[in-house]
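Chains A and B, in that order, give the protein sequences.
If you count by numbering that gives the first Met the number 0, then the first sequence holds residues 0 to 227, one letter each, in order.
If you count by numbering that gives the first Met the number 0, then the second sequence holds residues 0 to 227, one letter each, in order.
Note that beta-carbon positions come from the ideal geometry of N, C-alpha and C, so glycine has one too.
Bear in mind that the values here come from a model prediction, so they are computed numbers and not experimental data.
Read through the structure below, which is laid out as structure tokens, and then see the notes.
There are 2 protein chains.
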Amino acid sequence: MATKRTRSLSNPLALAILACLIERPMHPYEMAQTMRERHKHESVRLNYGSLYTVVESLERSGLIVPQATEREGRRPERTIYAITEAGRAKFFGWLRTLISKPVKEYPQFAAGLSYIAILEPAEAVSLLEERAQQLESQIAEARLLYEAVRAGSQDRPPLPRIVLIENEYELRMKECELAWVTRLASDIANGALAWPRFVMRDGHLDLVWDGEDRKEGSEETNLTVATE
Amino acid sequence: MATKRTRSLSNPLALAILACLIERPMHPYEMAQTMRERHKHESVRLNYGSLYTVVESLERSGLIVPQATEREGRRPERTIYAITEAGRAKFFGWLRTLISKPVKEYPQFAAGLSYIAILEPAEAVSLLEERAQQLESQIAEARLLYEAVRAGSQDRPPLPRIVLIENEYELRMKECELAWVTRLASDIANGALAWPRFVMRDGHLDLVWDGEDRKEGSEETNLTVATE
DNA sequence: TTCCTATTACTCGGCGACGAGTATACGGAT
DNA sequence: ATCCGTATACTCGTCGCCGAGTAATAGGAA
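Below you can see the structure in the form of structure tokens.
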């Protein structure tokens with residue numbers, strides 16, 4: 000009977016490895032190359048350090064098996080792995096979960112925003128504007144790269160959108176963030192957001208706020224979806 | 000000269016700890032309570048395991064110092080920490096960077112999307128629709144919670160938007176994702192996205208795509224493993 | 001020919017993340 | 001008076017992450 004050892008194995012790199020091996024048996028370094036070629040390393044964190052750790056862990060869990068070891072000259076040995084039936088099942092189960100179930104994540108920007116009120120409003124505005132600029136150029140760059148990969152070249156055939164769809168997702172999220180950041184910066188700049196003061200009292204910092212946030216009764220919320 | 004020991008210290012929990020100590024000296028457990036009270040644990044990952052590790056690391060770096068140790072009865076000792084001048088500087092520098100410089104991140108959904116083409120289009124649609132539903136209810140829930148925290152209660156005063164602004168960011172991002180996912184599902188459903196086929200050839204899997212839209216060919220490999 | 005850099009392919013050691021465990025105290029219920 | 005769940009407050013050990021290190025080969029330039 001199959002022992003139910005889900006283990007940790009939460010690293011998405013493991014998913015990418017399984018995906019490679021569904022295609023054909025490979026050695027770890029070739030998996031990395033394959034991911035790079037297809038730009039999957041943009042959506043799955045890939046480090047050589049982790050690669051071998053994760054492969055080992057997959058082997059321990061019986062999701063992949065070493066198939067052969069080769070050696071060319073006096074180069075280091077290459078172990079070629081193949082996926083098992085359990086590995087295939089794991090892959091599809093995991094993939095379905097990743098797509099259908101949102102998971103809570105902790106983007107660094109949210110952490111920064113959490114404490115933005117500690118800065119002066121003027122500084123907050125200029126930092127947000129800098130972010131907006133950087134986002135803009137990153138978006139332009141990412142879009143160009145995406146178009147190029149999709150169009151193909153001599154070596155690579157053009158690819159259907161769906162096999163690179165994660166790029167469209169990431170682009171859209173960045174665009175959305177850009178719009179939001181720009182809006183926030185201008186709201187702060189023109190005083191639409193009340194800024195609390197922090198005062199020392201009895202040796203600790205207190206937040207002081209007069210309780211009025213929005214100016215004239217414009218509807219307070221920029222929560223609604225504006226884009227599209 | 001001051002040795003440049005930036006160390007690792009990349010865990011945003013460290014930022015949150017410094018933020019607490021800017022307010023007043025505290026012991027670690029109280030920092031955790033404070034973060035929870037203000038819902039900062041929604042934007043900064045907080046585990047007791049990590050908390051003490053990070054505090055220790057901050058102390059080693061000279062960003063905080065133990066100020067006193069108390070003991071009530073025979074309870075475990077509590078070490079109260081205070082922020083140093085270096086810690087304050089680190090906090091503001093880090094905060095500015097977090098806000099002004101976008102960093103590459105790897106959301107799990109992007110990893111899932113990377114391999115969605117391996118599934119059948121019909122299944123992809125239903126998984127995406129499930130995600131959309133879950134996002135919808137998560138958004139509703141998060142919005143209610145946010146409004147409640149902002150409005151205050153007997154114990155807590157109402158708060159200005161800017162001190163909880165990370166909630167608006169996260170809401171907007173979720174809404175954006177929802178719109179995108181919904182759109183993708185319907186595009187797939189009505190055939191707007193060509194779906195490649197995967198065929199076995201010489202013992203490995205090849206992607207076949209006619210470059211325009213799909214037409215029903217013959218021997219497609221069935222990759223899918225039924226849900227367990 | 002010889003040099004130099006890039007590529008191939010993995011190994012290793014340290015450090016950080018984190019769940020589970022420990023132990024005390026408090027307060028309401030019975 | 002006693003019970004029991006919850007809150008307080010930290011400790012420990014494991015395991016995963018990851019950058020830096022190693023070492024051999026191929027290919028182009030001088």
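Alpha carbon to alpha carbon, what distance is there between residue j and residue i?
i        : j        : result
B:Met199 : A:Glu22  : 9 Å
B:Arg130 : B:Arg171 : 16 Å
A:Ala121 : A:Ile187 : 8 Å
A:Leu126 : B:Arg95  : 7 Å
B:Thr68  : B:Arg77  : 5 Å
B:Leu17  : B:Ile82  : 7 Å
B:Arg4   : B:Cys19  : The pLDDT assigned to B:Arg4 is 39, lower than 50, so where the model puts this residue is not dependable; a value taken from the coordinates is nonetheless given after this. Looking at the two C-alpha atoms, the distance is approximately 23 Å.
A:Arg182 : B:Lys103 : 22 Å
B:Glu41  : B:Glu140 : 13 Å
A:Ala163 : B:Arg155 : A quick correction: the sequence has Leu, not Ala, at residue 163 of chain A. Each residue's alpha carbon lies about 47 Å from the other.
B:Lys238 : B:Trp179 : Because chain B here runs from 0 to 227, residue 238 of chain B falls outside it and cannot be looked at.
A:Lys100 : A:Ser9   : 15 Å
B:Phe108 : B:Ser56  : 32 Å
B:Asp201 : B:Phe91  : 59 Å
What span of residues does the beta strand (DSSP E) with residue i cover, start to end?
i        : result
B:Tyr80  : 77 to 82
A:Gln66  : 63 to 69
A:Asp205 : 203 to 207
A:Arg200 : 196 to 200
If you measure from the beta carbon of residue i to each beta carbon in chain B, is any gap under 7 Å?
i        : result
A:Ile164 : yes
A:Leu94  : yes
A:Ser136 : no
A:Leu45  : no
A:Gly111 : yes
A:Ile82  : no
A:Leu57  : no
A:Arg171 : yes
A:Ile161 : yes
A:Pro65  : no
A:Arg142 : no
A:Leu177 : no
A:Gln133 : yes
A:Glu69  : no
With a threshold of 7 Å between beta carbons, is residue i in contact with chain A?
i        : result
B:Ser152 : no
B:Gly61  : no
B:Ile16  : no
B:His203 : yes
B:Lys129 : With the sequence shown as reference, residue 129 of chain B is identified as Glu, and Lys is not the correct amino acid for it. It does: the Cβ of B:Glu129 has a partner Cβ on chain A nearer than 7 Å.
B:Pro229 : Residue 229 of chain B lies beyond the residue range present for chain B, which begins at 0 and ends at 227; the question has no answer from this structure.
B:Glu36  : no
B:Ala116 : yes
B:Ile79  : no
B:Tyr105 : yes
B:Leu8   : no
B:Pro195 : yes
B:Cys19  : no
B:Lys39  : yes
Residue i lies in the alpha helix (DSSP H); which residues open and close that run?
i        : result
B:Val54  : 47 to 59
B:Val180 : 164 to 188
A:Thr109 : Here residue 109 of chain A is Ala; the residue named in the question, Thr, does not match the sequence. It spans 107 to 113 - the alpha helix (DSSP H) in which A:Ala109 sits, taken as one unbroken run.
A:Leu134 : 120 to 150
B:Leu14  : 11 to 22
A:Glu41  : Premise fails: A:Glu41 is in no alpha helix (DSSP H) and is neither H nor E.
A:Glu36  : 27 to 36
What whole-angstrom Cβ distance do residue i and residue j have, given they're in contact under 8 Å?
i        : j        : result
B:Ile138 : B:Glu174 : 6 Å
A:Met25  : A:Ile79  : 6 Å
A:Leu62  : A:Gly86  : 4 Å
B:Ala110 : A:Val43  : 5 Å
B:Leu177 : B:Glu135 : 6 Å
B:Glu165 : A:Ser113 : 5 Å
B:Val53  : B:Leu12  : 5 Å
Is residue i near the ligand GDP, judged by its Cβ being under 6 Å from some heavy atom?
i       : result
B:Gln32 : You won't find the ligand GDP in this model; it holds no ligand whatsoever.
Which same chain residues end up closer than 7 Å to residue i when comparing Cβ atoms and leaving out the 5 residues on each side of it in sequence?
i        : result
A:Tyr51  : Pro27
B:Asp209 : none
A:Arg196 : Val207
B:Tyr105 : none
A:Gln66  : Pro24, Ile79, Tyr80, Ala81
B:Lys39  : Ala15
Residues in the same chain with beta-carbon distance under 6 Å from residue i, minus the five sequence neighbours each way, listed in chain order, please.
i        : result
B:Leu14  : Trp93
B:Pro157 : Ala150, Gly151
B:Glu58  : none
A:Val124 : Ala184, Ile187, Ala188
A:Asp205 : Val198
Residues in its own chain within less than 8 Å of residue i by CB, not counting five upstream and five downstream?
i        : result
B:Glu169 : Glu41, Ser42, Ala141
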